[in-house]
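In terms of our numbering, the sequence shown is residues 63 to 511.
Worksheet: the structure to be examined is printed underneath.
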Amino acid sequence: MSAYLVKNVSILGGEPTDLLLEDGVVAAIGSDVGFETGASAPSSTNGGAPSSTNGTDEVEVVDGTGLVALPGLVDLHTHLREPGREDAETVESGTQAAALGGFTAVHAMANTEPVADTAGVVEQVWRLGREAGYCDVYPVGAVTVGLAGEQLAELGAMADSAARVRVFSDDGRCVSDAVLMRRALEYVKAFDGVIAQHAQEPRLTEGAQMNEGELSGRLGLTGWPAVAEEAIIARDCLLAAHVGSRLHVCHVSTAGSVEIVRDAKRKGWNVTAEACPHHLLLTDDLAETYDPIYKVNPPLRSTADTQALRAGLADGTIDIVATDHAPHPHEDKDCEWAAAAFGMLGLETALSIVQETMVDPGLLDWAGVAERMSYAPARIGRVADHGQPIEVGAPANVVLYDPAARRTVEPAESASLSRNTPYAGMELPGRVVATFLRGKATVLDGKLQ
Ligand SMILES: [Zn+2]
C-alpha cells in the first residue's frame, strides 16, 4: 500500500504542518516528516494529484497548501436504496458520492425493499459496502417489522449480526405508537443501541406537502405543522428519560424542536439530535416555484427556523449534521408537487453547505465541524474506527478540503445515480480535494479513485 505525505496542510485550521499517512494510520505529524533527505514537495497544483515518488519510493506527495485536514466525515443518515431501488442508488454509487463529499463512513437507512429488519438484510448491505470499498457502511436496522409500526423487528439479532447494528430507525415513518417506542428504547439498552426517531405525528400530517403557514394556504398545499414534529420529540424525550435509554432525533427542522431538545439536555437526559444541511440553508418560500426538487420530509421551514437550527448547532444543542441523502429517479421528482417523492441529495454538498451557513458566518470553526460531522456522529452510532482526532496512531480516515474554492453545482457531475439536488446551478464555497479511508485514497484531486 502506498503512503501519502501531505505537505503544508492545516489540521482543523491550525498552523500548516506535514501529515504522513502510512499503513492505514496517521504515521507522523510535523515539519519534515517522512523526508529525511529534506527534499521539498514538487510544484504540483494546489491539492493536485501526487506527482512525486521522491525519497522513499512508495510515498506520494500531496501539496496541502491552503487545505484544511478534517477527520473523515461520518453520516448518521444516508439512504442508499439498495436492495430494491437500484434505479435510484446503489451501495456502490451512494458510497462514491459519500467519498466525494469527504465521508469515510455512512449509516444506511432501513427503508429499503426488502426493509432492513432482519440480520440477513443488514448483513447484505454491510457486505455490499465492504465490496465497494469507498466508505464504511453501517446499516441502520428497522425498529418495527416492515416499518409497519406494529411489532418490534429482530433488534437483538441485527445487533449480534456481522453488521453489529447499533442505530435503529423506521426513518421515512415515525414510530408513533408510544408503547412500541418505549419497548424499543428499553430493548436496545442491552447492547448500547440508540433509537433514531423520524418525528412526525401521523394524524397531524395526513397528506402534508409543505410547511404549514400562510404560504401553504395560498399555494393550496396541505400543511405539515411544526407541532407534529415537536409533539413527538417531546414525548420521546420523556420516554427516553423514563426508561433511561438513548434517543436520537433525526432531521430537526423547527425552532420549537430545538427548544425541546435544549430543555431535555439541560435536564441531563440522554438525547442527541441532528440537523440537515438543507434545513440550515433553504426555506419554505422555495415551494412557491412548485418545483418538487424542494419537496422534502420534514419540509423546508421558515427563516426563523433556519436561524434557530444554526444557533442550536453552534451551541451544541444539535449534536450533528446528517445529510438525509435521499436519491430519487427523475420520474419520481419530475411531476406535479403533490405526486412527487420527498427527499433530496446531500452527500456531495454537505460540507459546502456547512461552510456557507456555519463556518463563514463565524458560528463554527473547523474543530466544531469535526465534532459535528465526524466525532459526534461516530459516538452516537458507536463506530469505533471513525470519528477520531487526526493524531499519530489514529486510523488514517482524513479529508482534505479547500475552503477558498468556489464551485457551481452541476447535477450531471454527481456520482449518485439520481439528480435531485436542490443546489443545481448554485455557487457554493469549498471543495473536497482528497478523502482517505484507512490511508487509501478514495478521492484525489477531487476525483474518485
Ligand atoms: Zn426521515
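Glycine included, each C-beta is placed from N, C-alpha and C at the ideal position.
As the structure is a prediction and not an experimental result, all values here were calculated from the model.
> Can you tell me where the alpha helix (DSSP H) with D222 in it begins and where it stops?
Replying inline: The count along the sequence shown starts at 1 and reaches residue 222 at position 160. Run containing D222: 217-222, per the alpha helix (DSSP H) assignment.
>> For the structure I just gave you, are there three or more beta carbon pairs, one from the stretch 298-316 and one from the stretch 454-473, closer than 8 Å?
In response: The stretch 298-316 makes no contact with the stretch 454-473; the number of CB pairs closer than 8 Å stays below 3.
>> G191 and V20 - do their beta-carbons sit closer together than 7 Å?
In response: Residue 20 lies beyond the stretch modelled for the chain, which goes from 63 to 511, so this question has no answer here.
> Between W188 and A225, which are expected to be in contact by the criterion C-beta below 8 Å, what is the C-beta distance as a whole number of angstroms?
Replying inline: Taking the sequence shown and counting its residues from 1, the one referred to as residue 188 is at position 126. Taking the sequence shown and counting its residues from 1, the one referred to as residue 225 is at position 163. Contact flag correct, Cβ pair sits at about 4 Å.
> Regarding C312 and ligand 1, is the C-beta to nearest heavy atom distance less than 6 Å?
Replying inline: Taking the first residue of the sequence shown as position 1, residue 312 is located at position 250. C312: yes, Cβ under 6 Å from ligand 1.
> DSSP state of W188, grouped into three classes?
Replying inline: Within the sequence shown, numbered from 1, the residue matching residue 188 stands at position 126. Helix.
> Considering only the beta carbon of each residue, do V207 and V229 sit closer than 7 Å?
Replying inline: In the sequence shown, residue 207 corresponds to position 145, counting from 1. In the sequence shown, residue 229 corresponds to position 167, counting from 1. Taking a C-beta distance under 7 Å as the contact criterion, V207 and V229 do not qualify as a contact pair.
> Quick one, are the C-beta atoms of L362 and L342 less than 7 Å apart?
Replying inline: Taking the first residue of the sequence shown as position 1, residue 362 is located at position 300. Taking the first residue of the sequence shown as position 1, residue 342 is located at position 280. Not closer than 7 Å, so no.
> Between the Cα of E84 and the Cα atoms of D233, R500, P339, which residue gives the shortest distance?
Replying inline: On the sequence shown, position 22 is the one that residue 84 refers to. Minimum Cα distance to E84 is reached at R500.
> Who are the Cβ neighbours of R280 in its own chain at under 8 Å, not counting the five residues just before and after it?
Replying inline: Position 218 of the sequence shown, counting from 1, holds the residue named residue 280. Nothing meets the Cβ criterion.
>> Using only CA atoms, which one of W399, R434, K509, Q450 lies nearest to L413?
In response: Within the sequence shown, residue 413 is the residue found at index 351, counting from 1. The shortest Cα separation from L413 among W399, R434, K509, Q450 belongs to R434.
> Could you give the C-beta distance for P78 and P451, rounded to a whole number, given that I count them as a contact under 8 Å?
Replying inline: Numbered from its first residue, the sequence shown carries residue 78 at position 16. Numbered from its first residue, the sequence shown carries residue 451 at position 389. By a beta-carbon distance limit of 8 Å, P78 does not contact P451. Their separation comes to about 18 Å.
>> Strictly by DSSP, which residues pair up with F165?
In response: Locating residue 165 in the sequence shown gives position 103, where the first residue counts as 1. Per DSSP, L135.
> Taking buried to mean at least 16 other C-beta atoms within 10 Å of its own C-beta, is I442 buried or exposed?
Replying inline: Sequence index remark: in the sequence shown, residue 442 carries index 380 (1-based). Buried: at least 16 other Cβ atoms inside 10 Å.
>> Please tell me whether P176 and V183 are closer than 7 Å, where the distance is taken between their beta carbons.
In response: Start at 1 with the first residue of the sequence shown, and residue 176 comes out as number 114. Start at 1 with the first residue of the sequence shown, and residue 183 comes out as number 121. Yes, they are a contact pair.
> Buried or exposed: where does R308 fall if 16 or more other Cβ atoms within 10 Å of its Cβ makes it buried?
Replying inline: Working through the sequence shown from its first residue, we reach residue 308 at position 246. Looking at its Cβ environment, which holds 16 or more other Cβ atoms inside 10 Å, R308 is buried.
>> Which same chain residues end up closer than 8 Å to T267 when comparing Cβ atoms and leaving out the 5 residues on each side of it in sequence?
In response: Working through the sequence shown from its first residue, we reach residue 267 at position 205. Around T267, the same chain offers W286, P287, A290 as residues with beta carbons nearer than 8 Å, after the five sequence neighbours per side are excluded.
>> Taking the alpha-carbon of T345 as reference, which of L506, T166, P360, D386 has the nearest alpha-carbon?
In response: Here residue 345 refers to the residue found at position 283 when the sequence shown is read from its first residue. Closest in C-alpha terms to T345, from the list L506, T166, P360, D386, comes P360.
> Between G110 and the rest of its own chain, which residues show a CB-CB distance below 7 Å, the 5 nearest in sequence each way excluded?
Replying inline: For the purposes of this step, residue 110 is identified with residue 48 of the sequence shown, where counting begins at 1. Annotation note: pLDDT 45 at G110 (below 50); position unreliable, coordinate value reported separately. Answer for G110: D125, D507, listed in chain order.
> Less than 6 Å between the CB of D530 and some heavy atom of ligand 1, yes or no?
Replying inline: With the chain covering only 63 through 511, there is no way to say anything about residue 530.
> Do H390 and ligand 1 come close, with the Cβ less than 6 Å from some heavy atom?
Replying inline: In the sequence shown, residue 390 corresponds to position 328, counting from 1. Distances between the C-beta of H390 and the heavy atoms of ligand 1 are all 6 Å or more.
> Among residues of its own chain, excluding the 5 on either side of T25, which ones have a beta-carbon nearer than 6 Å to its beta-carbon?
Replying inline: The requested residue 25 is not part of the displayed model; the chain covers only 63 to 511.
> So is the beta-carbon of H260 under 6 Å away from any non-hydrogen atom of ligand 1?
Replying inline: Counting from one through the sequence shown, the residue named residue 260 turns up at place 198. Relative to ligand 1, H260 has its C-beta within less than 6 Å of a heavy atom.
>> Tell me the residue span of the beta strand (DSSP E) that contains E122.
In response: Your numbering for residue 122 matches position 60 in the sequence shown. Residues 121-125.
>> Taking the alpha-carbon of A376 as reference, which of D422, E350, L426 has the nearest alpha-carbon?
In response: As a first step, residue 376 is located in the sequence shown; it is residue number 314 there, counting from the start. Just measuring C-alpha positions, the residue of D422, E350, L426 sitting nearest A376 is L426.
>> Using 8 Å for Cβ pairs, my map puts H331 next to A303. What's the rounded Cβ distance?
In response: What you label residue 331 is simply residue 269 of the sequence shown in a count that begins at 1. What you label residue 303 is simply residue 241 of the sequence shown in a count that begins at 1. For clarity, residue 331 is Trp in the given sequence; the question names His instead. About 4 Å separates the beta carbons of W331 and A303, which is inside the 8 Å limit, making them a contact pair.
>> Could you tell me the alpha carbon to alpha carbon distance between R297 and A159, rounded to whole angstroms?
In response: In the sequence shown, counting from the first residue as 1, residue 297 sits at position 235. In the sequence shown, counting from the first residue as 1, residue 159 sits at position 97. Computed Cα separation, rounded: 35 Å.
> Rounded to the nearest angstrom, how far is the Cβ of V68 from that of D80, given a contact under 8 Å?
Replying inline: Counted from its first residue, the sequence shown places residue 68 at position 6. Counted from its first residue, the sequence shown places residue 80 at position 18. The Cβ separation is near 7 Å, so the contact holds.
> Between T411 and the rest of its own chain, which residues show a CB-CB distance below 8 Å, the 5 nearest in sequence each way excluded?
Replying inline: Position 349 of the sequence shown, counted from the start, is the residue given in the question as residue 411. Within the same chain, T411 has close Cβ partners G163, P339, V471, T483, Y485, L490.
>> Looking at the secondary structure, which residues open and close the beta strand (DSSP E) in which K329 lies?
In response: The count along the sequence shown starts at 1 and reaches residue 329 at position 267. From DSSP, K329 is part of no beta strand (DSSP E); its letter is neither H nor E.
> Using the C-alpha atoms, what's the distance from A402 back to D394?
Replying inline: Position 332 of the sequence shown, counting from 1, holds the residue named residue 394. Position 340 of the sequence shown, counting from 1, holds the residue named residue 402. Rounded to whole angstroms, D394 to A402 spans 6 Å at the Cα level.
> Helix, strand or coil for E148 per DSSP?
Replying inline: The count along the sequence shown starts at 1 and reaches residue 148 at position 86. Coil.
> Among S223, R444, H390, H260, which has the Cα closest to the Cα of T180?
Replying inline: Taking the sequence shown and counting its residues from 1, the one referred to as residue 180 is at position 118. Taking each of S223, R444, H390, H260 in turn and checking the Cα distance to T180, the smallest one comes out for S223.
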